[in-house]
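In numbering that gives the first Met the number 0, the protein residues as written are 0 to 159.
Taking it in order: structure first as structure tokens, then the write-up.
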Amino acid sequence: MTLWKFLRHYGVPEMIVNIIRNSYDGLQCKVMHGGQLTDAFQVRTGVRQGCLLSPFLFLSVVDWIMNTSTSEAKHGIQWTAQNQLDDLDFADDLALLSHTHEQMQIKTASVAAVSASIGLSTHKGKTKVLKFKAENSNPITLDGETLEDVKSFTYLGSII
0 MTLWKFLRHY GVPEMIVNII RNSYDGLQCK VMHGGQLTDA FQVRTGVRQG CLLSPFLFLS
60 VVDWIMNTST SEAKHGIQWT AQNQLDDLDF ADDLALLSHT HEQMQIKTAS VAAVSASIGL
120 STHKGKTKVL KFKAENSNPI TLDGETLEDV KSFTYLGSII
């Protein structure tokens, strides 16, 4: 799915989608490396750095990933009598929540698979597992690699 399809999915009018798309068409960049400026190259992926719309554009994609990957089964933690909390999301920092090891394994794999289907990847080195009163000591894995178990980690500047 392209960025433009995500915008249409969320009800952005076609005229606005076209205006945004036109600002991306033919986008070129140069990189300063070792005091030298590289030749211009065309940018075909990602959002424009510094553009006021970039956070909205990126978050619409992240929102779609989270809704798609958890649409089959909501297996978060009970937050109130009527509400369940499945994940905490802020920009590209995601915290998945689950009561069981099995549900967390499924949720982790699902988010990674949906992300990969649109060209985004999960940085396994930055992905951590925090277990609280867990009965199952088996590791959470992603693509056959064990994710690091930690006693605490920093999320949005706070130690959890």
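We put the CB at the ideal spot given by N, CA and C, even for glycine.
Residues bridged to residue i [DSSP beta-bridge criterion]
i: V128; result: D148
i: T153; result: I158
Close-in-space but distant-in-sequence residues of the same chain around residue i (CB under 8 Å, 5 per side omitted)
i: V60; result: L2, F5, I117 and L119
i: A39; result: Q27, C28 and K29
Buried versus exposed call for residue i [16 or more other C-beta atoms within 10 Å across all chains shown]
i: A111; result: buried
i: K161; result: In the structure displayed, the chain extends from 0 to 159; residue 161 sits before or after that span and is not available.
i: S68; result: buried
Residue nearest to residue i in terms of C-alpha spacing, selected from the options
i: D86; options: H100, D62, E101 and A80; result: D62
i: K123; options: D142, M14 and H32; result: D142
i: A90; options: R47, S53 and L58; result: L58
i: T126; options: L93, H100, V113 and S109; result: L93
Nonlocal neighbours in the same chain, by C-beta distance under 7 Å from residue i, ignoring five residues either side
i: I159; result: L129, S151 and F152
i: D88; result: V61 and M65
i: I139; result: M103, Q104, T107, V128 and L146
i: L188; result: Nothing about residue 188 can be read from this structure; the chain reaches only from 0 to 159.
Residue i, DSSP secondary structure in three states
i: Q81; result: coil
i: A115; result: helix
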